[in-house]
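Report on one structure; see the data block that follows.
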Amino acid sequence: KNQVEQSPQSLIILEGKNCTLQCNYTVSPFSNLRWYKQDTGRGPVSLTIMTFSENTKSNGRYTATLDADTKQSSLHITASQLSDSASYICVVRGNNNDMRFGAGTRLTVKP
Amino acid sequence: ETGVTQTPRHLVMGMTNKKSLKCEQHLGHNAMYWYKQSAKKPLELMFVYSLEERVENNSVPSRFSPECPNSSHLFLHLHTLQPEDSALYLCASSLYLRDRAGGYTFGSGTRLTVV
Chain E
1 KNQVEQSPQS
11 LIILEGKNCT
21 LQCNYTVSPF
31 SNLRWYKQDT
41 GRGPVSLTIM
51 TFSENTKSNG
61 RYTATLDADT
71 KQSSLHITAS
81 QLSDSASYIC
91 VVRGNNNDMR
101 FGAGTRLTVK
111 P
Chain R
1 ETGVTQTPRH
11 LVMGMTNKKS
21 LKCEQHLGHN
31 AMYWYKQSAK
41 KPLELMFVYS
51 LEERVENNSV
61 PSRFSPECPN
71 SSHLFLHLHT
81 LQPEDSALYL
91 CASSLYLRDR
101 AGGYTFGSGT
111 RLTVV
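As they're listed, the protein sequences go chains E and R.
Under my numbering, residue 111 is the last one in the first sequence; the count climbs by one each step, no gaps.
Under my numbering, residue 115 is the last one in the second sequence; the count climbs by one each step, no gaps.
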């Protein structure tokens, strides 16, 4: 079983709507968690990084949350745009520097 | 562009062919990585180089052979591949080995199809 589980596997929403992507992990001890955006045919690009003491962090219309007690993170996208269509990957790093990747959520924003 | 350049972007090869993937970065990073990304699966770490020295090989079959001639260039030599090796191969770099704060910069990948 993967140490980083993302849900849903895929999601389709209408332009302008909000959505929330989930990431549950079992990596322990925990160092940090990153959300990456991967456009089709491109490599992943970091959106946010969260450490143990951070509960929420925003980057424009993207807001990430972290609950280190329950080992859950979410990525909330507000007022979605067509350009938000991409895969969103959760990556968790342990204190031993081992990085664990989720399989990603494929988001499609339709006009 | 992210600063990590991969060529070619697409590659179709037969199982008996020999080809090479190239990755180049001029970010001044000291560590470089090869990842395999298959559909609906997490990225799989293949090789790790730090200052041109291979520091990790994650049980990758010998039909994949990495080469790091200097800290700016990384190659992945391919020979006698199997159809299941078809995937997106991503190169990444970081300032330090497994850089926690800075994270990794990824290239756009090479889409490999083995026929």
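Ideal Cβ placement from N, Cα and C applies to all residues, glycine included.
Short CB-CB distance (under 8 Å) between residue i and chain R
i	result
Pro-44(E)	yes
Phe-101(E)	yes
Gly-41(E)	yes
C-beta neighbour in chain E for residue i, strict 8 Å
i	result
Gly-109(R)	yes
Lys-41(R)	yes
Gly-3(R)	no
Leu-76(R)	no
Leu-90(R)	yes
Arg-98(R)	yes
Phe-47(R)	no
Gly-28(R)	no
Gly-14(R)	no
Phe-106(R)	yes
Unbroken beta strand (DSSP E) run spanning residue i, endpoints
i	result
Gln-37(R)	31 to 37
Ala-103(E)	No beta strand (DSSP E) holds Ala-103(E); DSSP gives it neither H nor E.
Lys-40(R)	From DSSP, Lys-40(R) is part of no beta strand (DSSP E); its letter is neither H nor E.
Asn-70(R)	64 to 70
Gly-94(E)	86 to 94
Buried or exposed by the 16-neighbour rule on C-beta atoms within 10 Å, applied to residue i
i	result
Gly-16(E)	exposed
Asp-69(E)	exposed
Asn-32(E)	buried
Phe-52(E)	exposed
Lys-41(R)	exposed
His-29(R)	buried
Asp-84(E)	buried
Beta carbons nearer than 7 Å to chain R: which residues of the region 49 to 78 of chain E have them? Interface annotation for the region 49 to 78 of chain E against chain R: Ile-49, criterion Cβ-Cβ distance under 7 Å.
When Cβ atoms are compared, which residues of the region 8 to 28 of chain E fall closer than 8 Å to chain R? Gln-9
Considering only residues of the region 36 to 84 of chain E, which uninterrupted alpha helix (DSSP H) runs meet the minimum length of 4 residues and lie entirely inside it, listed in chain order? Complete alpha helix (DSSP H) runs here, min 4: none at all.
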